[in-house]
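**Student:** So that we are looking at the same thing, I have put the structure below in C-alpha cells.
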Amino acid sequence: MKEVTKLGLKQFLRLILINVMCFFVVISFSVLSTAVFTKNIGYTAYGTSSESSEPEELYTYYYADGEDTKKQEYTDRGYTVSESKIRSTLSGTGNAVFLTVSQIFCLLILISFIYSNLWQLGTKDSNLVKFKHEKEDRLKGVKIGAVSVIPLYLGLIALAVFNAGAFVKFPVALYKTVHASFYSFIQLISGGAATVADLSVPRIILLFLLPLVIVAASGGAYILGYNNYSLGEKLIYKKKSGGEK
Numbered sequence: 014m015k016e017v018t019k020l021g022l023k024q025f026l027r028l029i030l031i032n033v034m035c036f037f038v039v040i041s042f043s044v045l046s047t048a049v050f051t052k053n054i055g056y057t058a059y060g061t062s063s064e065s066s067e068p069e070e071l072y073t074y075y076y077a078d079g080e081d082t083k084k085q086e087y088t089d090r091g092y093t094v095s096e097s098k099i100r101s102t103l104s105g106t107g108n109a110v111f112l113t114v115s116q117i118f119c120l121l122i123l124i125s126f127i128y129s130n131l132w133q134l135g136t137k138d139s140n141l142v143k144f145k146h147e148k149e150d151r152l153k154g155v156k157i158g159a160v161s162v163i164p165l166y167l168g169l170i171a172l173a174v175f176n177a178g179a180f181v182k183f184p185v186a187l188y189k190t191v192h193a194s195f196y197s198f199i200q201l202i203s204g205g206a207a208t209v210a211d212l213s214v215p216r217i218i219l220l221f222l223l224p225l226v227i228v229a230a231s232g233g234a235y236i237l238g239y240n241n242y243s244l245g246e247k248l249i250y251k252k253k254s255g256g257e258k
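Residue numbers for the sequence shown follow the working numbering, so the first one is 14 and each next one is one higher.
Listed below in C-alpha cells is the structure:
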C-alpha cells in the first residue's frame with residue numbers, strides 16, 4: 014500500500030505538470046482560433062493632447078458605419094489619435110473547433126504521460142510476479158490512479174461546498190484554468206456558468222466523473238504493460254504490414 018500511495022502522489026505531481034502544459038496548449042489554440050475565425054470590425058479611438066499626455070477614449074467606430082469622419086475632427090482639435098482594433102466574437106464553429114482540437118491535444122498529453130509510466134511499471138511487476146518476488150495485483154494501476162486523483166476530488170468537494178453557499182462567487186474560469194487538461198470538457202459541462210452559483214447539481218455531478226478518465230487510463234496502461242502489450246509496437250507493425258501489401 015505504501016508503494017501505491019507513493020506512486021500515486023508522484024503521478025499527482027505529474028498531473029500538475031500536465032495541467033501547466035495543457036494551459037499553454039489551450040491559450041495557443043485560443044489565439045489561433047481567434048485569428049482564424051474572427052476579423053477586425055472596427056476600433057476604439059484614443060487621443061492625447063498638448064494639455065494632457067494621458068490617453069482618453071474618444072469614440073468607437075465600426076467599419077459597417079461607413080467613413081470615419083470623427084478622426085479628422087479630433088486631429089484638427091489638436092489630438093493625436095491612436096486606434097485599438099475591435100474584433101468580432103468567436104463564431105459557434107470557431108468555438109467548436111477550438112474546444113475540440115485543444116481537448117484532443119490535452120488528452121493526448123495526459124494519456125501519454127500516464128501510459129508511459131504505468132506501462133513500464135506493469136512490465137516490471139509482471140517479471141517480478143513470474144519469479145515470485147511480488148504478489149500479483151492487476152488493480153495496481155487503478156489504485157495508483159485513484160490515489161493521484163484524491164486532490165482533484167477534494168477540489169471538487171470544495172466546489173460543491175462553494176455552490177451550496179460557502180463561496181457562490183467562486184469563478185468557474187479559475188477552476189477551468191487550474192484543470193486545463195479537461196478545459197473543454199469543463200466548458201461544455203459548465204455551459205455559460207460564470208460562478209459556481211450558476212452550476213446546477215447535475216452539472217457538478219458530471220464534473221465528478223472527469224477524474225475517472227485518469228483512473229481508467231492508469232488501470233489500462235498498467236494492464237497493457239503487465240501483459241507486455243505495446244500499443245506503439247502494434248501500430249508500427251500494422252503500418253508496416255499495410256505498406257507491404
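C-beta: ideal position from N, C-alpha, C; glycine also.
1) Per the contact definition of three or more C-beta pairs closer than 8 Å, is the stretch 100 to 107 in contact with the stretch 41 to 54?
2) When you compare only the Cα positions, how much space is there between residue 186 and residue 207?
3) Name the residue from 199, 221, 232 and 172 whose alpha carbon lies nearest to the alpha carbon of residue 209.
4) Do the stretch 38 to 45 and the stretch 106 to 122 meet, that is, are 3 or more Cβ pairs less than 8 Å apart?
5) Taking only the alpha-carbon atoms, compute the straight-line gap between residue 224 and residue 162 and give it to the nearest angstrom.
6) Once DSSP output is grouped into helix, strand and coil, what is the label at residue 28?
7) Taking the alpha-carbon positions, what's the residue 205 to residue 39 distance?
8) Go to residue 94, then tell me how far its beta strand (DSSP E) extends in each direction, as first and last residue.
9) For a quick check, are the C-beta atoms of residue 200 and residue 189 less than 8 Å apart?
10) Which parts of the stretch 28 to 87 are runs of the alpha helix (DSSP H), unbroken and 4 residues or longer, counting only runs that do not cross its ends?
11) Apply the 10 Å Cβ neighbour rule to residue 26 and answer buried if 16 or more other Cβ atoms are within range, or exposed otherwise.
12) Apply the 10 Å Cβ neighbour rule to residue 138 and answer buried if 16 or more other Cβ atoms are within range, or exposed otherwise.
13) Would you check whether the ligand SAH has a heavy atom nearer than 7 Å to the C-beta of residue 161?
14) Identify whether residue 224 lies in helix, strand or coil by the three-state DSSP scheme.
**Tutor:** With the structure as the only source:
1) yes
2) 7 Å
3) 172
4) yes
5) 6 Å
6) helix
7) 18 Å
8) 93 to 100
9) yes
10) none
11) exposed
12) buried
13) Here there are no bound small molecules, and the ligand SAH is not part of this structure.
14) coil
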